[in-house]
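Data block below; observations after.
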Amino acid sequence: MFSIKTSKGSVSFNRFVGPFINNKFHPTLASTPVKRQILNPCTEDLIETVQEASAEDVDLAVQSAQAALKGPWKHFSGKKRRNALLDIAHALEKNLWKMTVLEAACGKPLEEAKFDIEESIECFRYFAGHADKISGSNFATEGGHKSYTVRKPVGICGLITSFNYPLNLAAWKIAPALACGNAVILKPAPQTPLSSLMLGELIAEHTELPAGVFSVLPGGEDVGSAIVSHKGIHKVSFTGSGNVGRKVMGGAANSNLKSVILELGGKSPLIVFKDADLDQAVEDVFGAIFSNMGQNCCAGSRLFLESGIEDEFLSKLKDRVKQVKIGDTLDEAYDFGTMVDRVQFERVMGFIENAKKEGKSKLLVGGNRHGEKGYFIEPTVFTDVDETSTLAKDEIFGPVLSVMKPFKTIEEALERANATPYGLASGVWTKDLSKSEQCIQELETGVTWVNCYNMCSVHLPFGGVKQSGFGKDLGAEAMGEYLTVKAVTIRV
Ligand code: NAD
Numbered sequence: 019m020f021s022i023k024t025s026k027g028s029v030s031f032n033r034f035v036g037p038f039i040n041n042k043f044h045p046t047l048a049s050t051p052v053k054r055q056i057l058n059p060c061t062e063d064l065i066e067t068v069q070e071a072s073a074e075d076v077d078l079a080v081q082s083a084q085a086a087l088k089g090p091w092k093h094f095s096g097k098k099r100r101n102a103l104l105d106i107a108h109a110l111e112k113n114l115w116k117m118t119v120l121e122a123a124c125g126k127p128l129e130e131a132k133f134d135i136e137e138s139i140e141c142f143r144y145f146a147g148h149a150d151k152i153s154g155s156n157f158a159t160e161g162g163h164k165s166y167t168v169r170k171p172v173g174i175c176g177l178i179t180s181f182n183y184p185l186n187l188a189a190w191k192i193a194p195a196l197a198c199g200n201a202v203i204l205k206p207a208p209q210t211p212l213s214s215l216m217l218g219e220l221i222a223e224h225t226e227l228p229a230g231v232f233s234v235l236p237g238g239e240d241v242g243s244a245i246v247s248h249k250g251i252h253k254v255s256f257t258g259s260g261n262v263g264r265k266v267m268g269g270a271a272n273s274n275l276k277s278v279i280l281e282l283g284g285k286s287p288l289i290v291f292k293d294a295d296l297d298q299a300v301e302d303v304f305g306a307i308f309s310n311m312g313q314n315c316c317a318g319s320r321l322f323l324e325s326g327i328e329d330e331f332l333s334k335l336k337d338r339v340k341q342v343k344i345g346d347t348l349d350e351a352y353d354f355g356t357m358v359d360r361v362q363f364e365r366v367m368g369f370i371e372n373a374k375k376e377g378k379s380k381l382l383v384g385g386n387r388h389g390e391k392g393y394f395i396e397p398t399v400f401t402d403v404d405e406t407s408t409l410a411k412d413e414i415f416g417p418v419l420s421v422m423k424p425f426k427t428i429e430e431a432l433e434r435a436n437a438t439p440y441g442l443a444s445g446v447w448t449k450d451l452s453k454s455e456q457c458i459q460e461l462e463t464g465v466t467w468v469n470c471y472n473m474c475s476v477h478l479p480f481g482g483v484k485q486s487g488f489g490k491d492l493g494a495e496a497m498g499e500y501l502t503v504k505a506v507t508i509r510v
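The sequence shown maps to residues 19 to 510 in our numbering.
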């Protein structure tokens, strides 16, 4: 057992011996096992040591998945898959507090952690609803031939996720993949494997999913690349950085040409017009950049304000920033947590220090480490940011907002907002329908939110354009990612 202390008492968990394969945990097959210490980023104390998987474990997971696909899983009807997904949702709901604590122990405030688990539950329920409704198309019989399409599971799917929403990002991929009848091999981020491993435990205990259908392989780059280059795996759905995304695409191409979904980073623009409800916009902009301490692929990290509102807006934003309560995320008293680990902390502090030296912006608020222990960084706002600066161009993936120089016309705002290789999300605040419509049409992003932000819903497809990736998580579109389509023609 290992325990995590919270302000409401201590919570105990079973130890995870190693990778989860064949519906049980087993020690890694590696001859020299790699052990990773999972630290609480608020206190830097050890939570648990996890034995990472190896290339041999990837082979074993693939063999188990192949056996399941040829055996019991092949005969699992849509109705049974639906019920299995509902059982997962139910098991998560019964363990909501435990799962919340595991996520909060990654440096995420308890309230945000609970929301993420609730969203994961919702995701399993939503795709349960799809599992028994998979259908093809029927065409009119012509020239003595009848044609129709048949949709079948892709096969074995490798799911590789980033650290920022550990269970939720995994659920976005696991739920549609299983709904479609695939077997999945999940590799969570090395910093945050605990909730994914616990999902394995819940699946083994509370569902009828056959052994081999769901594996969890904790580990880092080695395990990730072994999954990507494995010839027995048919698809990889990846969430992470652009640099690693490129390696994933290359590995997929150089092995068996498996198809890939890439959900990558962003440098999302926020555009606030003069006519917007400014108080609402301030609150939304605050959430857009500072939720999850800025470790959010959609983080609205470039703010464009219409000329004339900048003084009022920035003064309100500064007041809002000063209200945050930074501290131990396992204590309900705090609402702002940490970077996930020392590496991310040093990366983000590096951007801040560099911006201070670069002199291409002015510091409005924040800009420092908070406290002396843990990886806390104050919510930070730079203003008058020059478009050529690192602050304006690079994904920081931390609590740092770049307020760009004010804009005068909608055309100027759109051109500057689109001047990035990224294309994940964007936000617009205005009461003018024609302005919002022009922005929706012209912003080069996979998602646009108007008078709100970060409103991801399970029924809406999520994913980027340009160098933020391709393919969709969520929505009916995600089902299409995990199915093949066969065209059939019969002479009648
Ligand atoms: P990362 O790219 O460093 O790692 C992502 C995952 O890839 C991890 O599980 C890692 O172990 C694995 N990995 C590393 N090297 C690999 C390799 N050679 N082959 C296969 N897998 C490998 O990203 P991160 O630091 O965990 O997450 C931050 C990034 O993720 C940011 O760029 C962020 O914008 C992005 N992100 C995107 C979305 C989205 O939906 N678009 C969501 C969340 C995060």
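Beta carbons: idealized from backbone N, C-alpha and C, even for Gly.
Every value quoted in this text rests on a predicted model; they were computed, and no experiment measured them.
Reduced DSSP secondary structure (H/G/I, E/B, other) of residue i
i, result
"L177", "strand"
"E281", "strand"
"H163", "strand"
"F354", "strand"
"E396", "coil"
"E324", "strand"
"K292", "coil"
"N472", "coil"
"N40", "coil"
"L57", "strand"
"D404", "coil"
"M422", "strand"
"F369", "helix"
"R512", "In the structure displayed, the chain extends from 19 to 510; residue 512 sits before or after that span and is not available."
"Q69", "strand"
"F415", "coil"
"G345", "coil"
"F304", "helix"
"S454", "helix"
"L382", "strand"
"K253", "strand"
"N156", "strand"
"S259", "coil"
Nonlocal neighbours in the same chain, by C-beta distance under 8 angstroms from residue i, ignoring five residues either side
i, result
"D295", "W447, K449, N469"
"L57", "D63, L64, I65, D359"
"H388", "I344, F394, I395, E396"
"S95", "D150"
"T466", "A443, S444, G445, V446, C457, I458"
Rounded straight-line distance, which links the Cα of residue j to that of residue i
i, j, result
"R365", "I192", "30 angstroms"
"D337", "K253", "47 angstroms"
"F38", "V119", "21 angstroms"
"A149", "F480", "19 angstroms"
"I203", "A229", "12 angstroms"
"E129", "F308", "14 angstroms"
"K265", "V483", "18 angstroms"
"G326", "C457", "20 angstroms"
"E460", "L432", "7 angstroms"
"H248", "G162", "44 angstroms"
"L321", "S407", "14 angstroms"
"G445", "P287", "6 angstroms"
"A437", "V403", "14 angstroms"
"F400", "T46", "47 angstroms"
"I428", "Q313", "29 angstroms"
"G89", "A271", "29 angstroms"
"S49", "L114", "36 angstroms"
Status (buried if at least 16 other CB within 10 Å, exposed otherwise) for residue i
i, result
"F157", "exposed"
"Q485", "buried"
"R99", "buried"
"T159", "exposed"
"M473", "exposed"
"N40", "buried"
"K490", "buried"
"E70", "buried"
"V510", "exposed"
"N261", "exposed"
Own chain residues within Cβ distance below 7 angstroms of residue i, not counting five before or after
i, result
"A324", "First, the amino acid is wrong: residue 324 is Glu here, not Ala. Counting only Cβ-Cβ distances below 7 angstroms, and skipping sequence neighbours, we find V290, F291, K292, P424, F425."
"F20", "F31, R33, I65, E66"
"K42", "A222"
"G355", "C60, G125, K126, P127, M311, T347"
"G154", "Y166, T167, V168, R169"
"S82", "I39, N40, A229, G230, S233"
Chain-order list of residues whose beta-carbon lies under 6 angstroms from that of residue i (same chain, five-residue window excluded)
i, result
"I508", "K164"
"A188", "T179, L204, S214"
"F363", "M357, Y393"
"S255", "L177, K191, I279"
"D349", "S25"
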